[in-house]
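Some notes on the structure that comes next.
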Amino acid sequence: MSATAPTADDLQAAILRHLTFTLGKDAAHASRYDWRMALSYALRDLIVEPWFSATRVTYGEDRKRVYYLSLEFLIGRLLEDVSINLGLRDVSAKALAALGQDLGAVIEDEPDAALGNGGLGRLAACFMESMATMGVPAMGYGIRYEHGLFRQRFEAGQQVETPEDWLKQKHPWEFERPEVVYEIGFKGHVSDEGGRRVWHPSESVVASAHDTPIVGWQGRWANTLRLWAATPTTMFDLDRFNAGDYAAAAEPEALARTISRVLYPDDTTEAGKELRLKQEYFLVSSAVQDILRRYRSGHGDIRKLADHVAIQMNDTHPALAGPELIRILVDHDGLAFDEAARIAEAVLGYTNHTLLPEALERWTTWMIGNVLPRHMEIIGALDARHAAAHPCRPPGTAIIENDQVKMGELAFITSHKVNGVSALHTELVKDTVFADLHALHPGRIVNQTNGITPRRWLKLANPALSALVTDTIGDGWEADLDRLEALEPHLDDAGFLDAYGAAKRSNKVALAAWVKDEMGETLDPEAIFDVQIKRVHEYKRQLLNILETIGLWHRMRAAPQDDWVPRVKIFGGKAAPGYAVAKQIIRLINDVGRVVNADPAIKGRLKVLYPANYNVSMAERLIPASDLSEQISTAGKEASGTGNMKFALNGAPTIGTLDGANVEIRDRVGADNFFLFGMTAPEVVARRNVPDHARQAIEASEDLQVVLQLLAEGRFSPEEPERYHGLLDQLWNHDHFLVASDYASYAAAQREVDSAWRDRAGWLRMAAANTARVGFFSSDRTIRGYMKDIWSVKAAL
Ligand code: 26W
Numbered sequence: 002m003s004a005t006a007p008t009a010d011d012l013q014a015a016i017l018r019h020l021t022f023t024l025g026k027d028a029a030h031a032s033r034y035d036w037r038m039a040l041s042y043a044l045r046d047l048i049v050e051p052w053f054s055a056t057r058v059t060y061g062e063d064r065k066r067v068y069y070l071s072l073e074f075l076i077g078r079l080l081e082d083v084s085i086n087l088g089l090r091d092v093s094a095k096a097l098a099a100l101g102q103d104l105g106a107v108i109e110d111e112p113d114a115a116l117g118n119g120g121l122g123r124l125a126a127c128f129m130e131s132m133a134t135m136g137v138p139a140m141g142y143g144i145r146y147e148h149g150l151f152r153q154r155f156e157a158g159q160q161v162e163t164p165e166d167w168l169k170q171k172h173p174w175e176f177e178r179p180e181v182v183y184e185i186g187f188k189g190h191v192s193d194e195g196g197r198r199v200w201h202p203s204e205s206v207v208a209s210a211h212d213t214p215i216v217g218w219q220g221r222w223a224n225t226l227r228l229w230a231a232t233p234t235t236m237f238d239l240d241r242f243n244a245g246d247y248a249a250a251a252e253p254e255a256l257a258r259t260i261s262r263v264l265y266p267d268d269t270t271e272a273g274k275e276l277r278l279k280q281e282y283f284l285v286s287s288a289v290q291d292i293l294r295r296y297r298s299g300h301g302d303i304r305k306l307a308d309h310v311a312i313q314m315n316d317t318h319p320a321l322a323g324p325e326l327i328r329i330l331v332d333h334d335g336l337a338f339d340e341a342a343r344i345a346e347a348v349l350g351y352t353n354h355t356l357l358p359e360a361l362e363r364w365t366t367w368m369i370g371n372v373l374p375r376h377m378e379i380i381g382a383l384d385a386r387h388a389a390a391h392p393c394r395p396p397g398t399a400i401i402e403n404d405q406v407k408m409g410e411l412a413f414i415t416s417h418k419v420n421g422v423s424a425l426h427t428e429l430v431k432d433t434v435f436a437d438l439h440a441l442h443p444g445r446i447v448n449q450t451n452g453i454t455p456r457r458w459l460k461l462a463n464p465a466l467s468a469l470v471t472d473t474i475g476d477g478w479e480a481d482l483d484r485l486e487a488l489e490p491h492l493d494d495a496g497f498l499d500a501y502g503a504a505k506r507s508n509k510v511a512l513a514a515w516v517k518d519e520m521g522e523t524l525d526p527e528a529i530f531d532v533q534i535k536r537v538h539e540y541k542r543q544l545l546n547i548l549e550t551i552g553l554w555h556r557m558r559a560a561p562q563d564d565w566v567p568r569v570k571i572f573g574g575k576a577a578p579g580y581a582v583a584k585q586i587i588r589l590i591n592d593v594g595r596v597v598n599a600d601p602a603i604k605g606r607l608k609v610l611y612p613a614n615y616n617v618s619m620a621e622r623l624i625p626a627s628d629l630s631e632q633i634s635t636a637g638k639e640a641s642g643t644g645n646m647k648f649a650l651n652g653a654p655t656i657g658t659l660d661g662a663n664v665e666i667r668d669r670v671g672a673d674n675f676f677l678f679g680m681t682a683p684e685v686v687a688r689r690n691v692p693d694h695a696r697q698a699i700e701a702s703e704d705l706q707v708v709l710q711l712l713a714e715g716r717f718s719p720e721e722p723e724r725y726h727g728l729l730d731q732l733w734n735h736d737h738f739l740v741a742s743d744y745a746s747y748a749a750a751q752r753e754v755d756s757a758w759r760d761r762a763g764w765l766r767m768a769a770a771n772t773a774r775v776g777f778f779s780s781d782r783t784i785r786g787y788m789k790d791i792w793s794v795k796a797a798l
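Quick look at the structure:
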C-alpha cells in the first residue's frame with residue numbers, strides 16, 4: 002500500500018467522490034447500499050497498486066505461479082476483510098461517522114458471496130487470502146455463479162430453500178474482463194486429420210472473466226480470483242425474434258448462461274448430472290487455456306511448463322484439468338502423448354477432501370464420451386499408459402472400471418503429488434481409498450493439514466480478543482500465528498484470564514442481543530454457549546447432539562431443584578436439498594427447541610436454537626461468542642474440519658472424537674484442554690462388524706432408552722407422533738454412524754463439561770490455552786507446506 006496510509010479525511014473525500022461520480026448519488030439521498038458501494042470503491046482503489054505491483058514483480062522476475070482450481074470459493078463478505086487487511090477499519094468507521102453513517106450497519110448490508118457449500122469452498126477462500134498475505138504469485142480460478150448456495154428458511158421447523166441472488170445488487174469487488182474470453186466446446190465428434198485427432202464440438206459457450214483482487218495482510222500484495230461467467234457464442238437469434246418466436250430467440254443465451262447459473266448444493270453426494278460435468282469442464286478448459294496463453298506470452302518452450310506453473314485441483318471436481326492439458330499439448334502443440342502426460346503430471350497436484358464413497362465422483366464412460374469425446378479418448382490412453390507402466394497393478398487402480406471413469410484415480414494418476422487434509426485423513430487415504438495406488442506410487446501421497454486465516458477468523462470476527470492478544474504480546478501475530486505461544490506465561494495470570502473472560506462475555510452479550518432481535522429468544526450470558534455449526538450430515542452427528550440434549554432436558558425436568566449448569570444449544574447448517582434424513586434431523590432439532598424453549602419447568606436453563614441460513618457471516622458472529630465447540634463426527638469420517646480450528650482459536654474448547662484435525666488440535670492444546678469421547682477410527686470399523694451394535698448400545702443405556710421413548714411417543718411432535726419413527730428405525734437397525742454406540746461416552750463428556758464450567762478460573766485457563774496453542778492451524782502454515790512439498794514455489798515477500 003502507498004507509503005502514507007490515507008487519513009479519515011482522505012477516505013471521507015474518496016467516499017464522497019465515488020458516491021457522487023461512480024454512483025451518481027447526492028449524499029442527501031444516499032441509501033445504505035450507496036454508502037456501502039462508495040466505501041467499497043474507495044477501499045478497492047487502494048488495492049489496485051499492490052495488485053499491479055504483484056503482477057509486475059511476478060512477470061518481471063518470471064516467478065513460478067500457483068493456479069488454484071476450485072468449483073467453490075466460499076468467500077463471504079469482503080468489505081470488512083479488505084478494510085482490516087489495509088489497516089483501515091477504524092479509519093473507515095471514522096470517515097463514515099463523519100458522513101453520518103455507521104460502519105457496522107454498512108458492513109451488514111453486504112451479501113455473502115456464497116459460492117461454496119462448506120469446508121472445501123471456505124478452505125479455498127482462506128488459501129487465497131494466505132497466498133496474498135505471503136506474496137505467493139497465485140491465481141484462483143472458479144465459476145461466477147449467478148446464484149450461490151441457496152437461502153435457508155424454516156417453515157414449521159422444516160428447511161425450505163430459495164434461490165440466493167448475491168448479484169441482484171452490483172458486486173463492487175470485481176472487475177469485468179470482457180477481453181478475456183475463451184470458447185468452450187462440448188459434444189460433437191473427433192476425426193482423424195493428417196494423423197492428428199481433431200475434436201469438432203457441436204455445442205459451445207463463451208467463458209468471460211471477472212477478476213476480484215484478493216489483498217493480503219497489510220496490503221503489500223494482492224492476487225487475482227478469476228471467476229468465469231458463461232455467455233452464448235451467438236447473443237441473440239434475430240431471425241427467430243423477427244418471426245415473433247421471442248422465447249426461442251432468447252434461448253441461446255438462456256442455455257449458455259445455465260452453465261454458470263447456480264452452484265450445485267450437494268456437499269457429499271455427486272449429482273451425476275450432465276450440467277455438473279459441463280460446469281467442471283467449463284472451469285477447467287477456461288482456466289487451462291488462460292494459463293497456457295499467459296505462459297506462452299513469456300515462454301517459448303512448452304516442455305518447461307512445470308518450471309513456471311503449478312496447478313492445484315481442489316478435490317476431483319477439476320480433475321479434467323489433466324486430460325484438457327494433454328489434449329492441447331497433443332492436438333495443438335503436437336507433442337507425443339507420453340511427453341504431454343509427463344508434463345501434466347509435473348504440473349498437477351490433487352487434494353482429497355473426503356473418504357465418503359458417495360462423494361467420490363464417478364462419471365459413466367457414456368456421459369464423458371458424449372459430452373467430451375476427445376477427453377474420453379485421452380482418459381483411455383492415460384489408463385493404458387498407466388497399465389503399461391504397472392503391468393501388475395490391481396484392477397481397482399484403473400481409471401476406467403465398470404463403464405465408469407473414477408475421477409479420484411484420474412486425478413491421482415495425472416498428479417505428481419496427492420494430499421490429504423489432516424494427519425489422520427492422509428493415513429486413511431493411504432490405507433483405504435487409494436491403498437493400491439499408494440503401493441504403486443509410494444511418496445506421492447503427502448499430508449497438508451488444513452488451516453484458517455487468522456485475519457478473518459480472529460482479527461475481524463473477534464476484535465475484543467484480538468485487542469487483548471495485542472495488548473498482551475504485541476502485534477505481528479496476525480501474520481505469524483505461532484506468536485500466540487507468547488500467551489503461555491499469562492495462562493496463570495488471573496488478571497489476564499479475567500480480561501480474557503470479559504472479552505468472551507462481551508461477545509456473548511452481543512450475540513444474545515442479536516438472538517433477541519432475530520429470534521425473540523432471551524439468552525443468559527452466564528450459560529454455556531454450546532455450538533454445532535456445519536453442513537448437516539449423518540456423519541457429523543447433529544443427531545447425537547440433539548438426542549443428548551433431550552436426555553439433559555428430561556433430567557432437568559425430573560430434578561428442577563438441582564443446581565443445573567445452564568446451557569444454550571446453538572445449531573446452524575444447511576442440508577443438501579435432496580438429503581431427506583438430514584432434513585429430518587433439522588426438523589427434529591427445531592421440534593425439540595419449540596418444546597424445550599417454552600418449558601417453564603426448566604426455568605430457561607436449557608435453550609435450543611437454530612438460526613436459519615447459516616453462512617460465513619453468521620459463523621463470524623457465533624464463533625467468538627461460543628464456549629464449547631461440537632466436533633462429534635464418527636471417527637474416520639471428517640477429513641479434517643476447519644470450524645474446529647476457528648472455535649479453538651476463539652477460546653471455545655472442543656468436545657470431540659479423535660477424527661480429522663481434532664487429533665492434532667488435542668495434541669497441541671493438551672488432553673486436559675479438550676473433552677474427548679467416543680471410538681477411534683479403528684474401533685469404529687470393528688464396532689460396525691458387531692451385529693446389532695445399535696440395539697446392544699441402546700439396551701445398555703437407560704438414558705438413551707428414555708430419550709428414544711420420548712421420540713417414539715411423539716413428545717416433540719404431538720401433532721404427528723410417528724414423525725420420527727423412520728429416524729428411530731434407522732437408529733435401532735442400522736445406525737451406520739454409530740450414534741447409539743458413542744452416546745454414553747458423549748453424555749459422560751458433556752457432564753465433564755458441566756463440572757469444568759463450574760470452575761470459572763479453570764475454564765478460562767482452558768479456553769485461553771486453546772487460543773495460545775493453535776497457531777499451527779493458520780492457513781499461512783498450510784500454504785507454506787504446499788509451497789515446499791507440492792508446488793516448489795517461493796514467496797515474493
Ligand atoms: C460432488 C459433490 C461434492 C461436493 C463437495 C462432494 C464432496 C465435496 C467436498 C469435498 C465436501 C467438503 O467440503 N469436504 C470437507 O472439506 C474440508 C476442507 O478440506 C474438510 O475440512 C472437511 O472435513 C471435509 O468434509
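Its first residue numbered 2, the sequence shown is counted upward by one per residue in the numbering used here. Where is the CB? At the ideal position from N, CA and C, for every residue including glycine.
Three-state secondary structure (DSSP) of residue i
| i | result |
| --- | --- |
| residue 140 | strand |
| residue 2 | A caution first: residue 2 carries a pLDDT of 49, below 50, which makes its placement in the model unreliable, though a value can still be read off. Residue state, collapsed to three classes: coil. |
| residue 223 | strand |
| residue 705 | helix |
| residue 567 | coil |
| residue 200 | strand |
| residue 798 | coil |
| residue 283 | helix |
| residue 1 | As displayed, the chain neither begins before 2 nor continues past 798, which places residue 1 out of reach and without an answer. |
| residue 400 | coil |
| residue 531 | strand |
| residue 781 | helix |
| residue 407 | strand |
| residue 109 | helix |
Residues that residue i bridges to, as DSSP identifies them
| i | result |
| --- | --- |
| residue 156 | 159 |
| residue 212 | 176, 227 |
| residue 205 | 186 |
| residue 820 | Because the chain here runs from 2 to 798, residue 820 falls outside it and cannot be looked at. |
| residue 310 | 66 |
| residue 418 | 350 |
| residue 676 | 656 |
| residue 194 | 197 |
| residue 446 | 419 |
| residue 254 | DSSP lists no partner for residue 254. |
Exposure label - residue i; buried when at least 16 CB within 10 Å
| i | result |
| --- | --- |
| residue 766 | buried |
| residue 749 | exposed |
| residue 460 | buried |
| residue 170 | exposed |
| residue 640 | buried |
| residue 194 | exposed |
- Below 8 angstroms, can you find three or more Cβ-Cβ pairs linking the region 133-151 to the region 258-271? The region 133-151, when compared against the region 258-271, does touch it at the 8 angstroms Cβ threshold.
- Count the CB pairs spanning the region 303-322 and the region 337-344 that are closer than 8 angstroms, and state whether there are at least three. yes
- Item | Contained beta strand (DSSP E) runs [length at least 3] in the region 295-382, N- to C-terminal order | 310-315, 349-352, 363-365
- Task: Mind the definition here: the region 641-656 touches the region 429-439 only if three or more C-beta pairs lie below 8 angstroms; say whether that holds.
- Result: no
- Count the CB pairs spanning the region 174-183 and the region 625-644 that are closer than 8 angstroms, and state whether there are at least three. no
- Message: Would the region 445-461 count as touching the region 775-785 if we require 3 or more Cβ pairs under 8 angstroms?
- Response: yes
- Count the CB pairs spanning the region 313-328 and the region 346-355 that are closer than 8 angstroms, and state whether there are at least three. yes
- Query: Which full runs of the alpha helix (DSSP H) of 4+ residues lie inside the region 478-523, going along the chain?
  - Reply: 495-520
- Item | the region 490-510 / the region 522-531 touching (three or more Cβ pairs under 8 angstroms) | The region 490-510 vs the region 522-531: in contact.
- the region 686-697 contacting the region 736-751, beta-carbon criterion three pairs below 8 angstroms: yes
- At least 3 beta-carbon pairs within less than 8 angstroms: the region 214-233 vs the region 134-143: Counting Cβ pairs under 8 angstroms, three or more are found: they touch.
- Would you call the region 4-11 and the region 91-108 touching, i.e. three or more CB-CB distances under 8 angstroms? yes
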